[in-house]
Amino acid sequence: MSPDRPVSSDPAASRPVTLITGAAGGIGSALARTLAATHDLILSGRGGEKLDALCAEVGGRPLTLDLTRPETFADALAGLDRVTNVVHNAGVVDLGAVGEQAHAVWTHTLAVNTVAPAELTRLLLPTLRQERGTLVFVNSGAGLRANAGWGSYAASKFALRALADVLREEEAGNGVRVTSVYPGRTATEMQRKVRGQEGAEYTPGAFIDPQTVAATIAFVLNAPRDATLTDVSVRPGPPA
């Protein structure tokens with residue numbers, strides 16, 4: 001807890017409240033399980049049995065958000081009180097050459113991967129400032145280098161990196177920390193989809209374990225207040 005935050009006699013008030021988007025996915029669910037013992041969790045997704053089961057398992061509060069409709073976020077967030085940290089983890093990917101992808105793919109990808117995090121952040125900034133909290137943007141190696149066939153996804157992730165960089169400068173004086181995390185290929189259902197689009201076999205053991213990425217994000221959130229981890233890349237380690 002920040003020394004600048006008022007001390008409360010209520011034990012629950014001393015625990016950070018962390019909102020995770022894409023919570024039912026591989027990295028999101030691993031992060032929820034990692035943080036459950038020390039954070040109060042708001043787990044966002046499209047709803048459904050998987051999200052409900054995760055909330056029941058970790059004691060999280062479900063938050064249904066349609067990331068393609070940012071105009072609905074304000075109403076969805078109306079019942080929230082404290083939010084200390086936000087982990088923007090949700091994302092979509094569709095591979096294809098620029099000359100082959102219609103504008104609908106670009107619009108959808110940018111809406112979910114960039115516009116939704118920007119609007120959700122805007123709405124939650126007042127409480128993040130009050131809590132002196134942390135914003136984590138789960139980016140991608142594609143946010144550092146754009147390769148052929150990855151145009152729409154890389155563009156959304158480059159824009160997400162710019163959003164984080166701008167927020168870091170704008171909110172430093174308000175005590176809000178901002179970190180971009182760049183995982184390499186991670187063993188998730190999204191990666192299974194990507195491998196299918198690449199016409200390649202999906203072998204989970206060849207990729208980073210989602211729990212490893214979750215542990216990295218947890219380290220960022222729990223880092224001492226005298227430091228901000230601005231950019232963290234997570235790459236596969238050497239063979240065991």
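One point on numbering: in UniProt numbering, the residue at position 181 of the sequence shown is 181, and numbering is uninterrupted.
Think of the CB as a built atom: it goes at the ideal place given N, C-alpha and C, for glycine as much as any other residue.
Close Cβ partners of residue i (< 8 Å) along its chain, the five nearest in sequence each way excluded
| i | result |
| --- | --- |
| T179 | T134, L135, V136, F137, A164, V220, T228, L229, T230, D231 and V232 |
| K193 | V93 |
Buried versus exposed call for residue i [16 or more other C-beta atoms within 10 Å across all chains shown]
| i | result |
| --- | --- |
| T109 | buried |
| D81 | exposed |
| R214 | Per the sequence presented here, residue 214 reads as Ala, with Arg not at that position. Buried, since its Cβ has 16 or more Cβ neighbours within 10 Å. |
| V86 | buried |
| A56 | exposed |
| R161 | buried |
| P16 | buried |
| V98 | exposed |
| S14 | exposed |
| residue 269 | Here the chain comprises residues numbered 1 to 240, so residue 269 is not present and cannot be evaluated. |
| N139 | buried |
Sequence-distant residues of its chain with Cβ nearer than 6 Å to residue i (five each side left out)
| i | result |
| --- | --- |
| E131 | T84 |
| Q211 | A30 |
| A116 | L67 and P70 |
| L128 | V176 |
| S156 | T109, L110, N113 and T114 |
Residues near residue i in its chain [Cβ-Cβ closer than 7 Å; skip 5 each side]
| i | result |
| --- | --- |
| K50 | A24 |
| A32 | I20, A23, L41, L43, L54, V58 and G60 |
| T188 | G25, G26, I27 and P210 |
| L144 | Y182 |
Cβ distance (whole Å) where residue i is taken to contact residue j below 8 Å
| i | j | result |
| --- | --- | --- |
| T18 | L35 | 6 Å |
| G91 | V105 | G91 to V105, Cβ: 14 Å. No contact. |
| F207 | R185 | 5 Å |
| V181 | V234 | 7 Å |
| A146 | A159 | About 12 Å; that fails the 8 Å criterion. |
| S152 | Q191 | About 17 Å; that fails the 8 Å criterion. |
Under the three-state DSSP convention, the category residue i falls into
| i | result |
| --- | --- |
| F219 | helix |
| V213 | helix |
| H88 | strand |
| F207 | coil |
| V98 | coil |
| T186 | strand |
| D226 | coil |
| S14 | helix |
Bridge partners - residue i, DSSP secondary structure assignment
| i | result |
| --- | --- |
| F137 | H88 and S180 |
| L43 | I20 and P62 |
| D231 | S180 |
| W150 | G96 |
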